[in-house]
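Converting from the sequence shown to my numbering requires adding 13 to each position, the first position being numbered 1.
Here is the structure we will look at.
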Amino acid sequence: MVKLIKSTQELISARAQEKGSTGFVPTMGNLHAGHISLLERALADCDVVYFSIFVNPKQFGPTEDFKEYPRTLERDLELIKSCLNKYSGKSVIVFAPENPEEVFPSSDDQTIVVTNFNNIIEGKLRPNHFDGVATVVFKLFQIVKPHKAYFGLKDYQQYLVIRQMVKELAMPIEIIGMPIIRESNGLALSSRNQYLSENQKEEALILSRTLTKIAQTIAGKKANLLKAKKEIESILSDTRWNYLEIRDAYSLSEDLTNSSRITLVAVFQLGSTRLLDNMQQEIE
Ligand code: AMP
């Protein structure tokens with residue numbers, strides 16, 4: 014059964030009746046196979062899955078696409094229903110507040126700032142973005158009180174922010190990071206891909222192809238990092254790259270001397286659409 018709840022109070026009451034294990038998948042809606050992969054894993058793991066669809070104004074900058082962000086609730090509910098059909102005995106509660114005040118009723122509400130990660134890489138280009146993400150996820154965690162919560166590694170820095178928040182604030186929630194779902198040509202699925210023209214969709218392939226190529230250069234060896242960094246230097250002469258970097262996969266530090274795992278992180282911009290991607294690998 015899929016139940017739609019729009020009010021925070023109603024959700025809190027429904028949650029209080031729940032006895033079994035509960036999973037939580039926070040999203041901004043306009044669902045695609047990436048979101049559905051999180052839902053499937055949550056349904057496999059838990060008795061009840063809470064699935065939020067909320068376009069959170071706090072994580073958008075003043076010049077970003079908050080107003081235009083695609084809102085497709087009816088279609089999203091259909092996708093959730095057809096996914097749930099494969100999991101008999103399970104249920105999904107969709108939390109889709111109709112306005113931001115439902116989640117943030119007062120204007121002086123608290124902000125969660127995860128200082129280790131909030132103003133580097135993506136956070137440097139999008140001031141306050143990760144504070145907005147951490148704050149809404151914290152609030153939703155308080156409302157839903159899940160045992161487990163599912164996040165896509167597509168937003169790798171976001172995943173680290175949430176893990177750090179849960180650790181620092183001793184929240185009893187297991188954070189599960191899920192692999193990036195891609196088109197067969199390598200393009201990572203994203204709600205923002207629909208902003209791209211057909212030509213831009215072709216151009217966008219440069220992103221995953223470049224990451225794959227650099228990952229191949231590194232090939233699990235620290236000794237290859239210098240060569241990979243040189244390769245990156247010449248790639249960055251194309252100014253459509255907002256950034257393309259190799260960082261420690263756990264701390265996001267630039268210093269890789271003691272790293273056992275690295276992440277490539279990148280944003281490639283086509284017109285006003287910023288496309289995010291990343292890849293991790295062990296190194297020795
Ligand atoms: P969003 O609706 O963009 O806020 O995303 C909601 C959740 O879905 C986040 O945890 C994202 O990381 C995850 N997600 C988005 N795109 C993908 C993808 N292509 N593969 C896996 N997870 C994704």
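Glycine included, each C-beta is placed from N, C-alpha and C at the ideal position.
Just so you know, these numbers come straight off a predicted model, no measurement behind them.
| Check | Outcome |
| --- | --- |
| Cβ neighbours of Leu-341 in the same chain (closer than 7 Å, five flanking residues each side left out) | For residue 341 there is no data in the structure shown, the boundaries of the chain being 14 and 297. |
| Near the ligand AMP: Gly-284 beta-carbon under 7 Å from a heavy atom | no |
| Where the beta strand (DSSP E) through Lys-16 begins and ends | 15-18 |
| The ligand AMP heavy atom lying under 7 Å from the CB of Ala-201 | yes |
| Residues near Met-14 in its chain [Cβ-Cβ closer than 6 Å; skip 5 each side] | Ser-104 |
| DSSP-derived helix/strand/coil call for Arg-274 | strand |
| Supposed contact pair Val-179 and Lys-152 - C-beta distance, whole angstroms, cut 8 Å | Rounded, the Cβ-Cβ distance is 14 Å, inconsistent with contact. |
| Residues near Lys-71 by beta carbon distance below 7 Å, same chain, minus five either side | Gly-145, Thr-148 and Val-149 |
| Length of the line joining the Cα atoms of Gln-30 and Asn-255 | 47 Å |
| Validate contact between the segment 116-130 and the segment 26-40 using beta carbons, cut 8 Å, 3 pairs | no |
| Reduced DSSP secondary structure (H/G/I, E/B, other) of Gly-233 | coil |
| Distance between Asn-212 and Gly-102 (C-alpha atoms, nearest Å) | 45 Å |
| Three-state secondary structure assigned by DSSP to Lys-103 | coil |
| Contacting residues, own chain, Cβ-Cβ under 8 Å from Ile-231 (five flanking each side not counted) | Asn-237, Leu-238, Ala-241, Ile-259, Ile-275, Gln-294 and Ile-296 |
| Asp-168 versus Pro-75, Ser-266, Asp-58 and Ile-134, residue with shortest Cα-Cα distance | Ile-134 |
| Arg-222, buried or exposed, once every other Cβ within 10 Å from all chains shown has been counted against 16 | exposed |
| Member of Asn-206, Glu-215 and His-45 whose CA lies at the smallest distance from the CA of Arg-88 | His-45 |
| Inter-residue Cα distance where the pair is Asp-261 and Asp-251 | 24 Å |
| Same chain, Cβ closer than 6 Å to Ile-245, neighbours up to 5 away in sequence not counted | Leu-257 |
| Three or more C-beta pairs below 8 Å linking the segment 182-197 and the segment 156-167 | yes |
| Assigned exposure category for Asp-290 - 16 Cβ within 10 Å defines buried | buried |
| Contiguous beta strand (DSSP E) assignments of at least 3 residues, all confined to the segment 101-180 | 104-108 and 161-165 |
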